[in-house]
Structures are given as structure tokens and as C-alpha cells.
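Sequential numbering of the sequence shown, starting at -11, is according to my numbering.
Using N, Cα and C, we set each Cβ at its ideal position, and we do this for glycine too.
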Amino acid sequence: MGILNGNPKDEPLHYGEIYQIWIYSAKKKSTISTYQLYLSHAGDNELKRLLKNLVQQARQAAVECDELLVHNGIMPPPSLPERPLVRLEEIPAGARFSDVEIAVAVGENLAAGLLACSQITGSSIRIDVGLLFSKYYALHLLSSAAALELSKVKGWLVPPPLQIRRPEH
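See below:
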């Protein structure tokens, strides 16, 4: 019986898995802090609901990654302090993020998350790690679709140049 046979949770993590899980946890903790900031700046209720869902997803992912790291004897990255909610009216107009800016930043973050999850899934040799990040990929995909739909409905999406008329061959 080889070292990588049996229960995946009893198999060692390779250095790449450790690093990627650690970085993903750190990124999720940063995402929580950033999205809490965005919650104070957002004016649209649907955008706030999306942000709250994304904060909850990030919390769950950070907890799961940290548990995996601790189980394997690795110290997880530190959490950032919770940000207090402030009323939108208390933020000076020139210092506010607009709903459009928030939606674009969230879309970029979700796209980066899709790439990260795909890379981690593809490079992991432990089945449980690959499945965990496949789950995160699916959550990012669903959230990306929701964010894109919200941006379209609200008129926040600035499309790239569109090919209205196709050249005739």
C-alpha cells in the first residue's frame, strides 16, 4: 500500500496544496473585510443582498480551509478585524464607492476566484482537496451569474464593443 492510498484525509498535503489553501484562506478573509466595506457604501438593496451572500460564502470557505490547514499542522493566516457598518449618508460623496464600482470589483474578484479554484483543483493530488475547490468553483460560478444578471438589470454593465453586423463571406 502506497503513501497516497486509503482515506484522502490521512494523506499528506503537498507543498503546492498547502500554499494554495493558505493563500485562498487569506484571500477569503480579505474578501470578507472588503465586502463589509462595500456593504456600507452600497445603496442598492439587491447589491447589498449579493454582498451579504458573498461574505457568508467567504466565511465558510475560510473556516473550511483553516480547518484543513490546522488538521495538517499548518498555522492558518490571521483573520482581519470585522468592519463596522456605517450609514451611507455618513460617507462623504467624494469618498464613496458607487454601486457600479462595487459591482465591477465584485465581478473581477469572482472571475479571479474561478481561475484560482480551477488551478487548485487541477493541481491537487488529494481527492478531498480537489472536490472542496470544485465546490468553491461552482459557488463562484453561481455568484458570477447572479452578479452579471444584476449588473445587466441595473444598467451597470458596460459592454465591450459589440459586433452588430457580421461581415458577409
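Helix, strand or coil for residue i? Go by DSSP, reduced to three states.
{"i": "Ala135", "result": "helix"}
{"i": "Phe85", "result": "coil"}
{"i": "Ala14", "result": "helix"}
{"i": "Ile20", "result": "helix"}
{"i": "Pro(-4)", "result": "helix"}
{"i": "Val92", "result": "helix"}
{"i": "Leu73", "result": "coil"}
{"i": "Glu156", "result": "coil"}
{"i": "Asn60", "result": "coil"}
{"i": "Gln151", "result": "coil"}
Spatial neighbours of residue i within its chain, please: CB distance less than 8 Å, with the 5 preceding and 5 following residues excluded, ordered by chain position.
{"i": "Ile79", "result": "Ser28 and His29"}
{"i": "Arg47", "result": "Lys16 and Ile20"}
What whole-angstrom Cβ distance do residue i and residue j have, given they're in contact under 8 Å?
{"i": "Leu68", "j": "Ser18", "result": "7 Å"}
{"i": "Leu39", "j": "Tyr23", "result": "5 Å"}
{"i": "Asp179", "j": "Asp32", "result": "Here the chain covers residues -11 to 157 and nothing more, so residue 179 does not appear."}
{"i": "Ala135", "j": "Gly101", "result": "Their Cβ separation, rounded to whole angstroms, is 11 Å, which puts Ala135 and Gly101 out of contact at 8 Å."}
Cutting at 7 Å between CB atoms, please list the residues of its own chain near residue i, excluding the five before and the five after it.
{"i": "Glu5", "result": "Ser112, Arg114 and Val117"}
Do you know whose CA, among the options, lies nearest residue i's CA?
{"i": "Val58", "options": "Ile9, Val74, Asp87 and Glu34", "result": "Ile9"}
{"i": "Pro(-4)", "options": "Leu25, Leu73, Leu98 and Leu120", "result": "Leu120"}
{"i": "Asn163", "options": "Pro64, Val88, Gly82 and His128", "result": "This structure does not reach residue 163, given that the chain is present from -11 up to 157, and the question cannot be answered."}
{"i": "Leu35", "options": "Glu156, Pro149, Trp144 and Gln151", "result": "Trp144"}
{"i": "Ala83", "options": "Leu25, Ala104 and Ala91", "result": "Leu25"}
{"i": "Lys142", "options": "Glu77, Ala91, Ala100 and Tyr124", "result": "Ala91"}
{"i": "Gly61", "options": "Leu138, Glu137, Tyr3 and Ile152", "result": "Tyr3"}
{"i": "Tyr7", "options": "Pro147, Leu130, Ala104 and Arg37", "result": "Ala104"}
{"i": "Ser139", "options": "Thr109, Met63, Glu89 and Gln45", "result": "Glu89"}
Using a Cβ-Cβ cutoff of less than 6 Å, which residues in the same chain neighbour residue i once the five nearest sequence positions on both sides are dropped?
{"i": "Cys53", "result": "Ile9, Tyr12 and Ser13"}
{"i": "His157", "result": "none"}
Output yes if chain C places a C-beta closer than 7 Å to the C-beta of residue i; else output no.
{"i": "Pro69", "result": "Reference to chain C is not applicable here, since this structure consists of a single protein chain."}
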